[in-house]
Each structure stands twice: as C-alpha cells, then as structure tokens.
DNA sequence: TTTTTTTATGAACAGAGTGTTTATATTTTA
DNA sequence: TAAAATATAAACACTCTGTTCATAAAAAAA
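Residue numbers (the numbering used here), protein chains in the order written: chain A, 233 to 437; chain B, 233 to 437.
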C-alpha cells in the first residue's frame, strides 16, 4: 500500500490552532457556549477555513480530545507489565485519577458539562470495553464459572469508576489520589470478584 | 396567604398540548433535533404562544418530565412501609427498573441521548440524595463507624444503579426485572455494607 | 347576560449561527 | 520555477431564536 504524503505544514498548523482554541474556549465558556466563529477568531483564522478541515464543532472536539487521551493511554501502556494489572499505587486506576486531577477543569466540564456530546458516555464505553476484555481473560484463565456475564460486570465497573471520578472532581478532590482509589477498590472489588466466581485474592486489578 | 386562582382552562390545555407534543417529537427525533417550531406545530399552536408559558425548550422538558417522574415517585411512596426498604421483588429498586421498562424508549433517549440537558445527571443527583439520607440514618441508627463517608457511598450507589439501568435498556432488557435487580444487588451490596461498617445482614435495601 | 380580563395568534422584525460558493492571494511541494 | 494545495474574505441562503404589536377569541367576573 502507498504511504500517505506527509500533511501540509499549513494544515497541521491550522488544525493545531483550532484544537488549542477550542480547548481554551471550552474552559472559558463551556462547550455549548462556544461557536465556530469564536474558535476561528481565537485561532486567528478565517471562518471558512474551519470547514476545510472539520464537518462541525463535534468533529473538532473529538479530534482535540484524542490528543489528551492519547497521552493518558500512552502513560498506561508504558507501565511495566506487573504494574499494569497490579493494585499498587501506580496501577492504571491511580493513573486515571491522577490524570483527571491534572486536567481537573477540563474533566469537570467535559464529564459533567451540559450537552457536551455526551462525552462521559464515550469514555465510559471505552473503559467498559477494556474491562470486559480483562474480565473475560481472567475468567478464561482461571476457569471460573461467573454468575454474571463479564459484559455486565464490566459495565458495572466502568459506571462505578466514572461515577466516583466525577464525584471526586466535583467535590474538589477531598482525598489524595491514593485514598480515593483505595475507597473505590474497597467498594467494588468484592462484588465483582464474586460475580465472576473469583476469590477476592484472585482479583488482581 | 391568598390561594392562587385556578389556572385558566386555555393555559392548562396549551401546556398539556406542548408537553405531549414535545414527548412525541423526542421519541421521533431525539431532544436535540426538536425545534420550538416543531413543538408548536405538532401541538397546533402559534409559535408565539410557546413563549407565553416557557422560557425555552429546556424549561418545557423539565416540566414535561415532572409528570413522568411524579408517577414513579407516587408509586414508591404509596408502597407499604415494610416494602419500601425491603429487598423483596416489590422494593423500590424493582419499581425503578419496572418503570424504566415500561417507558423504555423514553428512558433510552433521555438517559443516553446526546445532549438532552444532561438529564441522567439530574436523575443521578436525585437518587444520590435519597440514598445518602437512607445511608446516614442507617449509620446513625446502628451506631456503626463507616470507613467511607455516606455521601461517597451514596454517590457510588447511584452511579452504579444508573449505569446498570442504562446497560439493561440499551441491551434490550436481556433479563427480567427481578433478575437484573438481583444482579445489581449482588454486585454492590457487599461493598457498601462494609464501607458503612455494617454486616451484610444489616443491609436491608 | 354583559362587561372585563386574560389568552392565543399571526405577521413582522432583528439577530445569531450555520454551511456553501466563488474569486483571489499565498504558501508548499515537486 | 511551475504546479498544486491551502487560506481567505465577501457574499449568500438558510434555520432557529426571541420579541413586539395589534387583533381576535375565549374565559372569568360582574
């Protein structure tokens, strides 16, 4: 297959400017309050230019967020294998909470902010998918007989995680990352373990 | 204080028409796709009339939903006291799932539908509040020392419930009400009980 | 019933935002 | 340097919003 020619400098620059402008404006006025003209003006570009690259505001948002979440994903993927499923303070859950803390304003608006393209749903779907793969492989590996299908357990897990994350952010992070993660695990581990037919000791995540 | 004069017949009729029209249209096009003109046209009213009663689309939505949720609240409140906190098949959780099943299309759109005024958040806040009152009174009554503040536990509970409710609806209700409620309880009861310092047997809800 | 008040209505208007087209200037790439 | 791709402004048609105003109709009050 033919390799795609490198993106025109101007295109890369324009896209970056639009993304940066959108993120700035979201923090200032919330997603719904931002118009395309706001974005192009802040980015110092003609309004027509916007339509050369994106269909609408939502497409730009998705594109903008990829950058943020790519960073998070990279962080998790670069962890040592034994940490990645471990329950220590550097595990993936901690990393998620830590990332949220570092981008608190943005997370707050995007996860809760009115409208905002139901972004929380997208994130939850992603977490659900990852959890389901993990739970399924755990069940297969340990040959247990789950009382509840892994897909439901994964959904429950993701929903609980998101919910607690939002609570933590909206209450101005009243606990340190380490502690909120501990609380989260305390609340959900047992139920999920027994749902999947695992002993609590087998529940390494 | 003076009693408010009864609402003009026309006003009552107009409001009802607008509410009905909105609900119909939401089911057809989703909340975001509905314009005020759509609503007034369906309701067979002048567009100006809308502004005589509501500030904007959202205000009408809220008003419309009150009817739906009043029905649910009334159902729960009219239960015998011993059922209201009980874990039998007629408990409040079952009623919620049952109500969702009966209004599945509406729930699906409102809880998940893009934008839609972040209605899921409103509902979750309501559930959280109720749960918190209940958990707090439970802790006070049984004199336990919770490891996790009831407000956090309540948030976790509400988030988990909403999450599972949405899953159930989006997967076309693959289990009967009774079974999904059982699964929900299996997943979350243990964690919450120990978080509040209760034995599982003390966890009557 | 008659009078008075309230409500519904359509037309008209101003304004904000969207998305497209076109001709032109500028920058990159080849 | 030539060819191709991109950015731009202006103009335009369109949709939706929210308000005003004069008038007609309906309901409430007398």
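We put the CB at the ideal spot given by N, CA and C, even for glycine. Here the structure is a predicted model, which means the values were calculated and not measured.
Do you know how far the Cα of residue 296 of chain B is from the Cα of residue 416 of chain B?
-> For the purposes of this step, residue 416 of chain B is taken as the residue at position 184 of the second chain. For the purposes of this step, residue 296 of chain B is taken as the residue at position 64 of the second chain. If you take the alpha carbons of residue 416 of chain B and residue 296 of chain B, they lie about 29 Å apart.
Considering only the beta carbon of each residue, do residue 259 of chain A and residue 341 of chain A sit closer than 8 Å?
-> As a first step, residue 259 of chain A must be located in the first chain, where it is residue number 27. As a first step, residue 341 of chain A must be located in the first chain, where it is residue number 109. Taking 8 Å as the Cβ cut-off, residue 259 of chain A and residue 341 of chain A qualify as a contacting pair.
Local conformation of residue 260 of chain A per DSSP, three classes = Working through the first chain from its first residue, we reach residue 260 of chain A at position 28. Judged by DSSP in its simplified three-state form, residue 260 of chain A adopts helix.
Nearest CA to the CA of residue 426 of chain A: which residue from A:385, A:395, A:332, A:414?
-> Residue mapping note: residue 426 of chain A aligns to position 194 of the first chain, counting from 1. Checking every option, the nearest Cα to that of residue 426 of chain A belongs to A:385.
Residue 428 of chain A and residue 366 of chain A closer than 8 Å at C-beta | Reading the first chain from its first residue, position 196 is the one you call residue 428 of chain A. Reading the first chain from its first residue, position 134 is the one you call residue 366 of chain A. For the pair residue 428 of chain A and residue 366 of chain A, the CB atoms are not nearer than the 8 Å cut-off.
For residue 358 of chain B, is the classification buried or exposed, using 16 other Cβ atoms within 10 angstroms of its Cβ as the cut-off for buried?
-> The count along the second chain starts at 1 and reaches residue 358 of chain B at position 126. Its Cβ having fewer than 16 others within 10 Å, residue 358 of chain B is exposed.
So what's residue 312 of chain A in DSSP terms, helix, strand or just coil?
-> Position 80 of the first chain holds residue 312 of chain A. Coil.
Within 10 angstroms of the Cβ of residue 523 of chain A, are there 16 or more other Cβ atoms? Answer buried if so, exposed if not.
-> Lying before the first or after the last residue shown, residue 523 of chain A is absent from chain A, which here runs from 233 to 437.
Does the beta carbon of residue 363 of chain A sit closer than 8 Å to a beta carbon anywhere in chain B?
-> For the purposes of this step, residue 363 of chain A is taken as the residue at position 131 of the first chain. So no, residue 363 of chain A is outside the interface.
Applying the criterion that 16 or more other CB atoms from any shown protein chain within 10 Å of the CB defines a buried residue, is residue 323 of chain B buried or exposed?
-> Your numbering for residue 323 of chain B matches position 91 in the second chain. The residue in question, residue 323 of chain B, is buried, as its Cβ has 16 or more Cβ neighbours within 10 Å.
Can you tell me whether DSSP reads residue 387 of chain A as helix, strand or coil?
-> The count along the first chain starts at 1 and reaches residue 387 of chain A at position 155. In this structure, residue 387 of chain A counts as helix in the three-state DSSP scheme.
DSSP on residue 241 of chain A, reduced to helix/strand/coil?
-> Translated into positions along the first chain, residue 241 of chain A becomes position 9. Note: residue 241 of chain A maps to helix in three-state DSSP.
Cutoff 8 Å: residue 338 of chain A Cβ touching any chain B Cβ = Here residue 338 of chain A refers to the residue found at position 106 of the first chain. Cβ-Cβ to chain B under 8 Å: no for residue 338 of chain A.
From residue 283 of chain B to residue 409 of chain A, what distance separates their C-alpha atoms?
-> Mapped onto the second chain, residue 283 of chain B falls at position 51. Mapped onto the first chain, residue 409 of chain A falls at position 177. Cα to Cα, the separation comes out at about 48 Å.
Can you give me, in chain order, the residues of the stretch 242-260 of chain B that have a beta carbon less than 9 Å from any beta carbon in chain A?
-> Of all residues in the stretch 242-260 of chain B, none is placed with a Cβ closer than 9 Å to any Cβ belonging to chain A.
Within 8 Å, strictly: CB atoms of residue 364 of chain A and residue 378 of chain A | Locating residue 364 of chain A in the first chain gives position 132, where the first residue counts as 1. Locating residue 378 of chain A in the first chain gives position 146, where the first residue counts as 1. No, Cβ-Cβ distance for residue 364 of chain A and residue 378 of chain A is not below 8 Å.
From residue 275 of chain B to residue 262 of chain B, what distance separates their C-alpha atoms?
-> Taking the first residue of the second chain as 1, we reach residue 275 of chain B at position 43. Taking the first residue of the second chain as 1, we reach residue 262 of chain B at position 30. About 17 Å.
Looking at the C-beta of residue 439 of chain B, does it have a partner C-beta in chain A at a distance below 8 Å?
-> No information on residue 439 of chain B is available, as it lies outside the stretch 233 to 437 that chain B covers here.
May I have the straight-line CA-CA distance separating residue 434 of chain B from residue 334 of chain A, to the nearest angstrom?
-> By 1-based counting over the second chain, the position of residue 434 of chain B is 202. By 1-based counting over the first chain, the position of residue 334 of chain A is 102. Taking C-alpha positions only, residue 434 of chain B is separated from residue 334 of chain A by approximately 40 Å.
Close-in-space but distant-in-sequence residues of the same chain around residue 332 of chain A (CB under 7 Å, 5 per side omitted) = For the purposes of this step, residue 332 of chain A is identified with residue 100 of the first chain, where counting begins at 1. Here the set comprises 339, 397, 401.
CB of residue 304 of chain A to nearest heavy atom of the ligand NAD: below 7 Å?
-> In the structure on display, the ligand NAD does not appear, and there are no ligands present to speak of.
Excluding five sequence neighbours on each side, which residues of the same chain lie with their C-beta closer than 6 Å to the C-beta of residue 279 of chain A?
-> On the first chain, position 47 is the one that residue 279 of chain A refers to. Contacts found: 269, 272.
Which word fits residue 301 of chain A, buried or exposed, when buried means at least 16 other C-beta atoms lie within 10 angstroms of its C-beta?
-> For the purposes of this step, residue 301 of chain A is taken as residue 69 along the first chain, with counting starting at 1. Answer is exposed; the Cβ neighbour count stays below 16.
Can you list, in chain order, the residues of the stretch 262-292 of chain A whose Cβ is nearer than 7 Å to any Cβ on chain B?
-> Flagged: no residues at all.
Whole-angstrom Cβ separation of residue 423 of chain B and residue 423 of chain A, contact assumed at under 8 Å?
-> Looking up residue 423 of chain B in the second chain gives position 191. Looking up residue 423 of chain A in the first chain gives position 191. Residue 423 of chain B to residue 423 of chain A, Cβ: 5 Å. Contact.
So, helix, strand or coil for residue 376 of chain B, using DSSP?
-> Looking up residue 376 of chain B in the second chain gives position 144. Looking at residue 376 of chain B - three-state DSSP - the assignment turns out to be coil, as it is neither helix nor strand.
Distance, residue 330 of chain B Cα to residue 311 of chain B Cα | Here residue 311 of chain B refers to the residue found at position 79 of the second chain. Here residue 330 of chain B refers to the residue found at position 98 of the second chain. Going from the Cα of residue 311 of chain B to the Cα of residue 330 of chain B covers about 14 Å.
Answer yes or no: does any C-beta atom of chain B fall closer than 8 Å to that of residue 415 of chain A?
-> Start at 1 with the first residue of the first chain, and residue 415 of chain A comes out as number 183. It does: the Cβ of residue 415 of chain A has a partner Cβ on chain B nearer than 8 Å.
DSSP on residue 363 of chain A, reduced to helix/strand/coil?
-> As a working note, residue 363 of chain A is residue 131 in the first chain. Residue 363 of chain A sits in a helix when the DSSP states are folded into three classes.
Taking C-beta pairs closer than 9 Å, name the residues in chain B that residue 418 of chain A reaches, listed in chain order.
-> Sequence index remark: in the first chain, residue 418 of chain A carries index 186 (1-based). 379, 380, 423, 426, 427, listed in chain order.
Kindly indicate which three-state DSSP category residue 322 of chain B falls into: helix, strand or coil?
-> The residue you call residue 322 of chain B lines up with position 90 of the second chain. When secondary structure is reduced to three states using DSSP, residue 322 of chain B falls in the coil class, being assigned neither helix nor strand.
DSSP state of residue 327 of chain A mapped onto helix, strand, coil = The residue given as residue 327 of chain A occupies position 95 in the first chain. Here residue 327 of chain A carries a helix assignment [DSSP, helix/strand/coil].
Beta carbon of residue 388 of chain A, beta carbon of residue 419 of chain B: below 8 Å?
-> For the purposes of this step, residue 388 of chain A is taken as residue 156 along the first chain, with counting starting at 1. For the purposes of this step, residue 419 of chain B is taken as residue 187 along the second chain, with counting starting at 1. Cβ distance < 8 Å, so residue 388 of chain A and residue 419 of chain B count as in contact.
is_contact[residue 431 of chain B, chain A] using C-beta, thresh 8 Å = The count along the second chain starts at 1 and reaches residue 431 of chain B at position 199. At a cut-off of 8 Å, the C-beta of residue 431 of chain B has no neighbouring C-beta in chain A.
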